[in-house]
Amino acid sequence: MYSMFTTFVLMLLSLVSAAPLNTPRDVWTPTITSPTAETVWTVGQTVEVTWSTADAPENVSNGGRVVLGKNNLLTSNVLVDSFVLKDADGSITVTVPEVEAGDDYFIVLFGDSGNWSDNFTIQA
Ligand SMILES: *[C@@H]1O[C@H](CO)[C@@H](O)[C@H](O)[C@H]1NC(C)=O
Ligand SMILES: *[C@@H]1O[C@H](CO)[C@@H](O)[C@H](O)[C@H]1NC(C)=O
Ligand SMILES: *[C@@H]1O[C@H](CO)[C@@H](O)[C@H](O)[C@H]1NC(C)=O
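Numbering (mature numbering (1 follows the signal peptide of the UniProt record, and there is no 0)), first residue to last: -18 to -1, 1 to 106.
If you want it as structure tokens, here you go:
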């Protein structure tokens, strides 16, 4: 199951990195600092997704995107469709979508590359 998920994510990542680019860029995989395993989001709530910028390269690519996943699979819930990763400076505000309660949610932060969070809880 885990390797299926990994394959799926790698597939998505290669789609992302295949996007045409005008400027040279570095590959950067941000470490997500929130949500963590202790995080509980409530449907409709405004929450912050945060990541570490400590290891950000000088030229961070243009596009950032945050997608919600559940039980090892990405969902169609795109929390933030497109933002400038560098300008976001380590955090972006999202609204928790109307999804069923569960403790197996995670988010994937796409940039030059992507990284996913721990599983966390969303409650009704
Ligand atoms: C992804 O995030 C984890 C922590 O959540 C971090 O340890 C890791 O270095 C990051 N990058 C990659 C490529 O996994
Ligand atoms: C960052 O981008 C600027 C302007 O596009 C360029 O001059 C510079 O060499 C780049 N730096 C790196 C480390 O790629
Ligand atoms: C998240 O939960 C799934 C089961 O729903 C599990 O397979 C996966 O390994 C967990 N991920 C992490 C990062 O703990």
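Yeah, the Cβ is synthetic: ideal placement off N, Cα and C, and Gly gets one too.
For GLY96, which of helix, strand or coil comes out of DSSP?
GLY96: strand per DSSP, three-state reduction.
Should THR32 go down as buried or exposed, given a rule of 16 or more other Cβ atoms within 10 Å for buried?
Buried, because 16 or more other Cβ atoms sit within 10 Å of the Cβ of THR32.
With 16 other Cβ atoms within 10 Å as the buried cut-off, status of PRO39:
Taking every protein chain shown into account, the CB of PRO39 has fewer than 16 other CB atoms within 10 angstroms, so this residue is exposed.
If we count the other Cβ atoms within 10 Å of its Cβ and call it buried at 16 or more, is ILE104 buried or exposed?
Buried is the call here.
Quick one: is GLY26 buried, meaning 16 or more other Cβ sit within 10 Å of its Cβ, or exposed?
GLY26 is exposed by the Cβ-count criterion.
Below 8 Å on the Cβ atoms is my guess for ALA36 versus ASN101; work out the distance and round it to an integer in Å.
A Cβ-Cβ distance of about 24 Å is found for the pair ALA36 and ASN101, leaving them out of contact under the 8 Å criterion.
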